[in-house]
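Visitor: Please find one structure pasted underneath; my questions will follow.
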DNA sequence: CAGGATATCTGAAGCGCTTCAGGAGCCGCC
DNA sequence: GGCGGCTCCTGAAGCGCTTCAGATATCCTG
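Chains as they are written, first to last, in my numbering: chain A, 731 to 1089; chain B, 731 to 1089.
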């Protein structure tokens, strides 16, 4: 009698079985106030009995014109991404925000630091996208534009008429450099993130800095150098080492190289706490004490910073807030809001035990 | 003339403009071999001109009955999840595998350690789901079953007729305990993961172990204890401390408690490398040397293990392989494959510098 | 040049749902 | 007792795409 010839039940199956219209069954799920509690109950019970799990999400999406998912575009693959606790924290907060708005997170990891493949973006089922720290000119961004999806960029260059959340990286870097300069350091090294999407890492020349395609790295280098210039330290006196990603191993390696320069740096400006932790490790291995022989300052203020030995002086950014704002912005865009001015997360110097005047 | 009244262009818009049928335009995107290269080119060009970004993913999903996404169900929130590098590595590998099959990853983080809300699962746009380390009886699993989606469980109890990837946790724990026992240790503590989904952490009594709802934790405790019994060490002699998640801070805290027991343990069995790292830290703070005064063994063999000081003895599981197999299994299920027998990832003892005979 | 294979394109039937403009009954009120 | 205003329910028009069974036209083969 029922039209269920072994196929999965649909709204119609239930409607037929209960003897009501399909619209009513739909209402039972989406607008309980539109029918009597009693009928609704009968419908739900029948659905349960027939093994109907509720309206098909895809069909619903097509009808409502919204998928209920937020796409998250990542420059790197997941593992290098998550070697940075800063991203984990911010993403957690983003996911929670988005989930509270009843939406899921569609993760599109990058390949080769270039961000996701455009084809992935073209087929992504989402009605708003968040792009996180993609290199300038990432092809994925064109794909987003083509689909005319609302976009929020995080830690990326401004795009005309595009919503944006960002940290004032220049100011943060300046804060770090000022602290170090004010302590009296004059020989300083920079331990930085990747400048451009390739697998390169190691010492960096000025040319590579100039052509950098990751905004965050570029801004921080600029902030460090401009502030150091105020202390009479020219950019050519400041060695820079570039890590592929922000993990401790690379921090250690970079610090070792920086410490082999002449004159030996008495302070290291690090673009993440993880890198800084690696640097502290390297110092120990070289028989140098921190902060006695070497001052180290990080960036982000992740939980590990306070916990380190010595506790890490660092630039704090509120990562939870960053994720929350990004999520809310995405949600608001979904509701048709206009992009509005960029939302800037403040930075703040947190002085702990890893910095001191040079001996 | 065109039917585009300011709305987004669709297949029909293009079809009308080019003067072909809608089916042909569809073929231009999905089956290039079904039309002449020349016509196809004309279609693509017109699409570009009209700002058509290709077939709408949602509509396509409805028509094809597949969404092209793999849902990933997580017990915990993202930040505690990613405090464990083991998950990051495995998830990265899973994402890469899934991406190579042209599918995206839909992330459904858990709330309160219980896994995702059933409502989130019910609305998730995906055609296969991977459940990772959910507690027994997680409501999300019922939701998956109701929707009759193919399911792969990872690090979770077997479910009848459900595909499964897992690590032999019992064997791994036994390996660890055997190593420690064989070295001659007789006073041993266990530093473990969460046993059940609540925010509790701290010392654990036998009752809580018996009612544990996380299989991984349960199995490892069982493995540790059964092997220790072989050395004549009764379960009541082995203090257990439970961490909420696997990060170093909690490892330190737990280790401090364990080291305050009488008689003081000479070895600590830790369920993750991060916990073990925290334990090493605690030992240092207590003025104990590792492995001189205290042996510490971890689990997973994450990159940090080899890098630690001293390098960590641990139980290795191939996390990349785990992610790859999970991804492939999910993909195969999508193609209609039957679940098949569970896929077990082997474990292996890796002896480094953090274990030695008791002094 | 007949007959079959090939290449190219089309019409129409879905996929499963939401939503909106009603319609039918019923209540209470003056 | 007529009428405005409820409450509860329905019919039908989409949402944008895929796919399959043809329909043509073209080509090849002997």
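All C-beta atoms, glycine included, are put in the ideal place defined by N, C-alpha and C. Small disclaimer: the values here were computed from a predicted structure and weren't measured.
How far does the beta strand (DSSP E) with residue 1053/B in it reach, from first residue to last?
Guide: Looking at the DSSP string, residue 1053/B is not in any beta strand (DSSP E); the run it does join, the alpha helix (DSSP H), is 1049-1064.
Visitor: Using a Cβ-Cβ cut-off of 8 Å, state whether residue 892/A counts as contacting chain B.
Guide: With 8 Å as the cut-off, residue 892/A does not count as an interface residue toward chain B.
Visitor: For a minimum of 4 consecutive residues, which ranges assigned as the alpha helix (DSSP H) are wholly contained in the segment 842-918 of chain B?
Guide: As far as the segment 842-918 of chain B is concerned, its whole alpha helix (DSSP H) runs of at least 4 residues are 848-853, 869-877, 899-912.
Visitor: Within the same chain, show all residues whose beta-carbon is closer than 6 Å to that of residue 1078/A, passing over the 5 residues directly before and after it, in chain order.
Guide: Here the set comprises 1046.
Visitor: Select from the segment 769-800 of chain A all residues with a C-beta closer than 7 Å to any C-beta belonging to chain B, and list them in chain order.
Guide: Result list: 783, 784, 787, 788, 789, 791, 792, 797, 798, 799.
Visitor: My understanding is that residue 931/B touches residue 980/B, with C-beta atoms under 8 Å, so please give their C-beta distance in whole angstroms.
Guide: Right, their Cβ atoms sit about 7 Å apart.
Visitor: State yes or no: is the C-beta of residue 853/A within less than 8 Å of the C-beta of residue 1072/A?
Guide: Contact flag unset, no.
Visitor: Residue 829/A versus chain B: which residues are under 9 Å apart at the beta carbon?
Guide: By Cβ distance, chain B contributes 838, 839, 841, 846, 847, 850.
Visitor: Give me the chain B residues within the contact set of residue 819/A, using Cβ-Cβ distance strictly less than 8 Å, ordered along the chain.
Guide: Here the neighbours are 809.
Visitor: Using DSSP with H/G/I as helix, E/B as strand and the rest coil, what is residue 801/A?
Guide: Note: residue 801/A maps to strand in three-state DSSP.
Visitor: Report the residue from 993/A, 1063/A, 1042/A, 1032/A whose alpha carbon sits nearest the alpha carbon of residue 1009/A.
Guide: It is 1042/A.
Visitor: Along the chain, which unbroken stretches of the alpha helix (DSSP H) at least 4 residues long are found entirely within the segment 972-1020 of chain B?
Guide: Here the runs fully enclosed are 978-989, 1003-1015.
Visitor: Does the beta carbon of residue 1052/B sit closer than 8 Å to a beta carbon anywhere in chain A?
Guide: Chain A, which has no Cβ nearer than 8 Å to the Cβ of residue 1052/B, makes this no.
Visitor: Between the segment 857-884 of chain B and chain A, which residues of the former have CB atoms less than 8 Å from a CB of the latter, in chain order?
Guide: Those residues of the segment 857-884 of chain B that come within reach of chain A (Cβ to Cβ, closer than 8 Å) are 873, 876, 877, 878.
Visitor: Nearest by alpha-carbon distance to residue 959/A: which of 912/A, 1005/A, 926/A is it?
Guide: It is 912/A.
Visitor: Run the CB neighbour count on residue 877/A, radius 10 Å, all protein chains shown included, and call it buried at 16 or more, exposed below.
Guide: Looking at its Cβ environment, which holds 16 or more other Cβ atoms inside 10 Å, residue 877/A is buried.
Visitor: Is it true that the CB of residue 946/A sits closer than 8 Å to the CB of residue 860/A?
Guide: No, these two residues do not count as a Cβ contact at 8 Å.
Visitor: Just to check my reading of the structure: residue 1085/A and residue 909/A have Cβ atoms closer than 8 Å, yes? What is that Cβ distance to the nearest angstrom?
Guide: Between residue 909/A and residue 1085/A the Cβ distance is about 7 Å, and since that is below 8 Å, they are a contact.
Visitor: Contact criterion: CB-CB distance below 8 Å. Does residue 854/B meet it with respect to chain A?
Guide: Output row for residue 854/B: interface = yes.
Visitor: Assuming residue 1005/A contacts residue 973/A under a Cβ cut-off of 8 Å, what Cβ separation, rounded to an integer in Å, is found between them?
Guide: The Cβ separation is near 6 Å, so the contact holds.
Visitor: Flag this pair as touching only if the segment 1048-1057 of chain A and the segment 819-826 of chain A have three or more C-beta atom pairs under 8 Å; answer yes or no.
Guide: In short, these stretches touch, since the Cβ pair count reaches three.
Visitor: Pick from 787/B, 914/B, 889/B, 922/B: whose alpha carbon is nearest that of residue 856/B?
Guide: The residue with the shortest Cα to Cα distance from residue 856/B is 787/B.
Visitor: Express the C-alpha separation of residue 741/A and residue 733/A in angstroms, rounding to a whole number.
Guide: Residue confidence is low: residue 733/A scores 39 on pLDDT, short of 50, so the model does not pin down where it sits. No coordinate-derived value is stated.
Visitor: Using the Cα positions of residue 995/B and residue 977/B, report the straight-line distance between them to the nearest angstrom.
Guide: Distance between the alpha carbons of residue 995/B and residue 977/B: 21 Å.
Visitor: I'd like to know whether the C-beta atoms of residue 950/A and residue 922/A end up nearer to each other than 8 Å.
Guide: A contact, by the Cβ cut-off of 8 Å.
Visitor: I need the straight-line Cα distance from residue 1011/B to residue 982/B, nearest angstrom please.
Guide: Distance between the alpha carbons of residue 1011/B and residue 982/B: 6 Å.
Visitor: Taking 8 Å as the threshold (C-beta atoms), are residue 812/B and residue 990/A in contact?
Guide: Taking 8 Å as the Cβ cut-off, residue 990/A and residue 812/B do not qualify as a contacting pair.
Visitor: Could you give the distance in angstroms between the alpha-carbon of residue 731/A and the alpha-carbon of residue 746/A?
Guide: Unreliable placement is indicated for residue 731/A, whose pLDDT of 36 sits below 50; the coordinate value is still reported in the next sentence. Approximately 9 Å between the Cα atoms of the pair.
Visitor: Helix or strand or just coil, what does DSSP make of residue 1093/A?
Guide: The requested residue 1093/A does not occur in the structure, where chain A is confined to residues 731 to 1089.
Visitor: Run through DSSP, which three-state label would residue 1034/B get?
Guide: In the structure shown, residue 1034/B sits in a helix (DSSP, three-state: H, G or I).
Visitor: Taking 8 Å as the CB-CB cut-off, is residue 979/A touching chain B?
Guide: Interface residue, yes.
Visitor: Which same chain residues, not among the five before or five after residue 1001/B, have their C-beta less than 6 Å away from its C-beta?
Guide: Around residue 1001/B: 922, 923, 950, 1029.
Visitor: Check whether chain B comes within 8 Å of residue 887/A, counting only Cβ atoms and requiring the distance to be less than that.
Guide: Cβ-Cβ to chain B under 8 Å: no for residue 887/A.
Visitor: Chain A beta carbons: is any one of them nearer than 8 Å to that of residue 936/B?
Guide: Not one chain A Cβ lies under 8 Å of residue 936/B.
Visitor: Does DSSP put residue 810/B in a helix, a strand or coil?
Guide: Of the three classes helix, strand and coil, the one that applies to residue 810/B here is helix, per DSSP.
Visitor: What residue range is occupied by the uninterrupted beta strand (DSSP E) comprising residue 1026/A?
Guide: Residue 1026/A -> beta strand (DSSP E) spans 1025-1027.
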